[in-house]
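**Student:** In the numbering used here, the protein residues as written are 257 to 396.
Virtual Cβ for every residue (Gly too), placed ideally from N, Cα, C.
Note that this is a predicted model, so its numbers are computed, not measured.
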Amino acid sequence: MIKPRPPLPLLHKELPARQRGAALIAAIFVITALAALGGLMTQFLTLGSKQTIDEWYSTQALYAAESGVQWAIWDLTVNGGGGTVSNATVVNNQAWMSTTVSALTVNGTNNLYTITSTGTAGGTASSPRAQRQIVVQYMP
Numbered sequence: 257m258i259k260p261r262p263p264l265p266l267l268h269k270e271l272p273a274r275q276r277g278a279a280l281i282a283a284i285f286v287i288t289a290l291a292a293l294g295g296l297m298t299q300f301l302t303l304g305s306k307q308t309i310d311e312w313y314s315t316q317a318l319y320a321a322e323s324g325v326q327w328a329i330w331d332l333t334v335n336g337g338g339g340t341v342s343n344a345t346v347v348n349n350q351a352w353m354s355t356t357v358s359a360l361t362v363n364g365t366n367n368l369y370t371i372t373s374t375g376t377a378g379g380t381a382s383s384p385r386a387q388r389q390i391v392v393q394y395m396p
């Protein structure tokens, strides 16, 4: 015959009055810590998104400046113009370019052009979010 085991003493004892509600306090602490962690992750995500958008506008401004250089070279060589433009739209309401050209005569016959192109993007033409400038020397 198998004897039944006596009950474990800890399972049938009542908790002391000071320990009642300790699990509730621990649960509140864990919930608060998880909420703080979630808020921190949201802040990092927002900051990362803003940096990505700023980088995108900066790249778009660089492309606008490169477009300005190419436009100035075309205007000088094909169109016979002076290569200067102010706030020309590259992408509708998103990116603009401005170019200035200065010429220097070399060896009495050749012109060395210094093309300064500024590309802007985001916001408005007068108040852009990003601006990039390229300076190129060109001799046709």
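Mind checking which residues open and close the beta strand (DSSP E) that includes A386?
**Tutor:** Walking along the sequence shown from the start, residue 386 turns up at place 130. Looking at the DSSP string, the run of the beta strand (DSSP E) that includes A386 is A386 to Y394.
**Student:** Please name the residue or residues paired with N366 in a DSSP beta bridge.
**Tutor:** Here residue 366 is taken as the residue at index 110 of the sequence shown, counted from 1. DSSP lists V362 as partners of N366.
**Student:** Keeping to the same chain, check which residues put their C-beta closer than 8 Å to that of D310; ignore five residues upstream and five downstream.
**Tutor:** On the sequence shown, position 54 is the one that residue 310 refers to. Answer for D310: R385 and A386, listed in chain order.
**Student:** Out of curiosity, what's the CA-to-CA distance linking I390 and G294?
**Tutor:** Walking along the sequence shown from the start, residue 390 turns up at place 134. Walking along the sequence shown from the start, residue 294 turns up at place 38. Approximately 43 Å between the Cα atoms of the pair.
**Student:** Rounded C-beta distance between T372 and T355? I'm assuming under 8 Å.
**Tutor:** Here residue 372 refers to the residue found at position 116 of the sequence shown. Here residue 355 refers to the residue found at position 99 of the sequence shown. Contact holds; Cβ gap of about 7 Å.
**Student:** Can you check whether the C-beta of A320 is within less than 9 Å of a C-beta belonging to chain C?
**Tutor:** Chain labels in this structure do not include chain C; a single protein chain is all it has.
**Student:** Could you tell me whether the Cβ atoms of A351 and A317 are closer together than 9 Å?
**Tutor:** Sequence index remark: in the sequence shown, residue 351 carries index 95 (1-based). Sequence index remark: in the sequence shown, residue 317 carries index 61 (1-based). In contact: A351 and A317 (Cβ atoms closer than 9 Å).
**Student:** Restricting to runs no shorter than 3 residues, where is the beta strand (DSSP E) found entirely within the region 304-355?
**Tutor:** With a minimum length of 3 residues, the continuous beta strand (DSSP E) runs that stay inside the region 304-355 are 341-347.
**Student:** To which residues of the same chain is P260 closer than 6 Å at the C-beta, ignoring the five residues directly before and after it?
**Tutor:** As a working mapping, residue 260 is identified with position 4 in the sequence shown. Taken in chain order, the list of residues that qualify is empty.
**Student:** Among G375, S358 and G378, whose alpha-carbon lies nearest the alpha-carbon of M395?
**Tutor:** Taking the first residue of the sequence shown as 1, we reach residue 395 at position 139. Comparing Cα-Cα distances from M395 to each of G375, S358 and G378, the minimum goes to S358.
**Student:** Mark T374 as exposed unless 16 or more other C-beta atoms lie within 10 angstroms of its C-beta, in which case mark it buried.
**Tutor:** Reading the sequence shown from its first residue, position 118 is the one you call residue 374. Looking at its Cβ environment, which holds 16 or more other Cβ atoms inside 10 Å, T374 is buried.
**Student:** In this structure, what does DSSP give as the bridge partners for I371?
**Tutor:** Position 115 of the sequence shown holds residue 371. Answer by DSSP bridge pairing, in chain order: V357 and V392.
**Student:** With distance defined between alpha-carbon atoms, name the residue in Y313, Y369 and L301 nearest to T380.
**Tutor:** Position 124 of the sequence shown, counting from 1, holds the residue named residue 380. Answer by Cα proximity: Y313.
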